[in-house]
Amino acid sequence: MMQRPSNKRLNPRAAATRAPRILLILLAIIISQSFFSGAAFAQTCPSEDADIFQSTRRARSIIADYNRLHRVYREDLERNRLFLEREAGKAMNWRFDMAGVFSNTSTFDFEACTNRGARDARAGTMTGGGLASIDLYQLGVGLEVFGVFVGNSVNAVATGDGYQDPVGLASVQENEAIYGARLVLHDWASLVVGWIETGTVQNYPGDDGLIVAAGDAQSRARQRAYIGVASPFGDTSLHLLYAPEDIQSNLIALRAEALPLPVDFEAVGVAGLAYIEDESQLTLELGLAQIWDTFLVSSEFEFNPLRVRSLRARAEWTGGPEKVVRAEDTDPSPQVDTSGVLRVALDLGVFAEATYFNSRHLEDQTGEDHAFGTAFGLTLRPDVTILMLQIDTWAGVNRPDELARVSDFVDHWQFGMRVHGRLGL
Numbered sequence: 000m001m002q003r004p005s006n007k008r009l010n011p012r013a014a015a016t017r018a019p020r021i022l023l024i025l026l027a028i029i030i031s032q033s034f035f036s037g038a039a040f041a042q043t044c045p046s047e048d049a050d051i052f053q054s055t056r057r058a059r060s061i062i063a064d065y066n067r068l069h070r071v072y073r074e075d076l077e078r079n080r081l082f083l084e085r086e087a088g089k090a091m092n093w094r095f096d097m098a099g100v101f102s103n104t105s106t107f108d109f110e111a112c113t114n115r116g117a118r119d120a121r122a123g124t125m126t127g128g129g130l131a132s133i134d135l136y137q138l139g140v141g142l143e144v145f146g147v148f149v150g151n152s153v154n155a156v157a158t159g160d161g162y163q164d165p166v167g168l169a170s171v172q173e174n175e176a177i178y179g180a181r182l183v184l185h186d187w188a189s190l191v192v193g194w195i196e197t198g199t200v201q202n203y204p205g206d207d208g209l210i211v212a213a214g215d216a217q218s219r220a221r222q223r224a225y226i227g228v229a230s231p232f233g234d235t236s237l238h239l240l241y242a243p244e245d246i247q248s249n250l251i252a253l254r255a256e257a258l259p260l261p262v263d264f265e266a267v268g269v270a271g272l273a274y275i276e277d278e279s280q281l282t283l284e285l286g287l288a289q290i291w292d293t294f295l296v297s298s299e300f301e302f303n304p305l306r307v308r309s310l311r312a313r314a315e316w317t318g319g320p321e322k323v324v325r326a327e328d329t330d331p332s333p334q335v336d337t338s339g340v341l342r343v344a345l346d347l348g349v350f351a352e353a354t355y356f357n358s359r360h361l362e363d364q365t366g367e368d369h370a371f372g373t374a375f376g377l378t379l380r381p382d383v384t385i386l387m388l389q390i391d392t393w394a395g396v397n398r399p400d401e402l403a404r405v406s407d408f409v410d411h412w413q414f415g416m417r418v419h420g421r422l423g424l
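Numbering follows numbering that gives the first Met the number 0, in which position 234 of the sequence shown is assigned residue number 233; successive positions increment by one, without gaps.
Next up, the structure:
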């Protein structure tokens, strides 16, 4: 998804004034969770058609993983391009960059069906991938190639006291991959085409004879095509997930994340419309983002039947020190090329959000509705112009993004860590 991020840094004095208020708001949101959710969801045994390994939902999930990688990459790339052009006083001709991502998400106090009834289990998702791009700024074009790989698993938890070696415990695992290319027309639009390979579900019995039930999950490999179009105008994107063998669209989504408002207010509009085939659902999203550069509020509705699908209120703060190092700062001799410049920055971020999720699919799958939740997290991003590393950590329960992927995670706490990296040549 293309966009033109701001190169504006937070004023330290303004940050010192604003930070205490933001932190108080974040604390209030976190404390509010004690009123929203109680004990973990005590289901007797997940249904045989649980959607944790449903192939269409897994395909939608890996599309979101790729687009998150692309967004973080392009935001960082644009920020550094603007910095270098400002320091040099002229436009860049070209650049080549590479980026990668690794993430791990764990879901706790999960229950899985087995040949011996319901058993405690842990669900995990591990993601790895990368991309490379070359941008020819004089021609106004760029090309990006990418590949992302995801492994999902449900692992039985060892019973008994003390540490027990997890090797030999029953588990169910599956893998999927997306790979493709994106053509970028700078300041205008981009077109991405990808191919998704969804592998078969593999069931590994435990040494003790325990078998985790995979339910009616797809037992054969599935292939899907992904086509996306994005534009920086309103930060708009169109996504199409297509299953050629079924001659049907699994997902059609149109979304704008930075619409200008008709009134003088420090915020941008958010709007989205999507058709989700595996839920037979049409959804509409409306919201406001970048409210005073701090807040986001959004609502989502579904029409089969008409109901509020999700609500979200989020507060976040980002800032940190920055220093520009020039060649003359390290060696003032006249022989030194003073055109050399390096941006050294350490960006810090914190967020918290309160959410509500109430899809029809959630109720059909789990019998649960009105899922209130919360989440909070930290971001650390050291950046030295040619090299960037972004580390995101978060914890939460009933996040709409997660429940839209896997309904069975309702009322289960999750912890995630994601690491993005970029190297520019």
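We put the beta carbon where it would ideally sit given N, CA and C, even for glycine.
### Segments assigned beta strand (DSSP E), at least 3 residues, entirely inside the region 75–118
93–113
Margin query: Once the 5 residues before and after I430 are set aside, which same chain residues still bring their CB inside 6 Å of it?
Written below: Residue 430 is absent from the structure shown; the chain starts at 0 and stops at 424.
**For A229 and F109, the rounded distance between their alpha carbons** = 37 Å
query: Helix, strand or coil for A157 per DSSP?
result: coil
Might you give, ordered along the chain, the residues of its own chain that have their beta carbon closer than 7 Å to the beta carbon of R80, omitting 5 neighbours on each side?
M91
| task | May I ask you to report which of helix, strand or coil DSSP gives Q334? | result | Only weak support exists for where Q334 lies, its pLDDT of 41 falling under 50; the value from the coordinates is given anyway. In the structure shown, Q334 sits in coil (DSSP, three-state: anything other than H, G, I, E or B).
(Q) If I follow the unbroken beta strand (DSSP E) through A344, where does it start and stop? (A) 340–356
task = Inspect the beta-carbon positions of V340 and E77 and report whether they are closer than 8 Å.
result = no
Practice prompt. Would you check if the region 252–259 and the region 91–100 touch, i.e. whether three or more CB-CB distances between them fall below 8 Å?
Written response: no
Just list the residues that DSSP pairs S132 with in beta bridges. D96, E143
Worksheet item: Three-state secondary structure (DSSP) at R70?
Response: helix
Where do the N-terminal and C-terminal ends of the alpha helix (DSSP H) with H360 fall, by residue?
359–365
> With a CB to CB cut of under 6 Å and the five nearest residues on each side skipped, what residues in its chain are close to S60?
Replying inline: R404
Just reading off the alpha helix (DSSP H) that E401 is part of, what are its end residues?
-> 399–404
- prompt: Would the beta-carbon of S406 fall within 8 Å of that of Q364?
  reply: yes
Where do the ends of the beta strand (DSSP E) carrying F371 lie?
370–382
When you compare the CB of G179 with every CB in chain D, is at least one pair closer than 8 Å? Looking at the structure shown, chain D is missing, and only one protein chain is on hand.
Contact between the region 181–196 and the region 223–238: three or more CB pairs below 8 Å? yes
| Cα-Cα separation between A54 and R67, rounded to whole angstroms | The question names Ala, but residue 54 is Ser in the sequence shown. When rounded, the distance between both Cα atoms is 20 Å.
message = Looking at the strands, I want to know which residues DSSP matches up with Q201.
response = Q172
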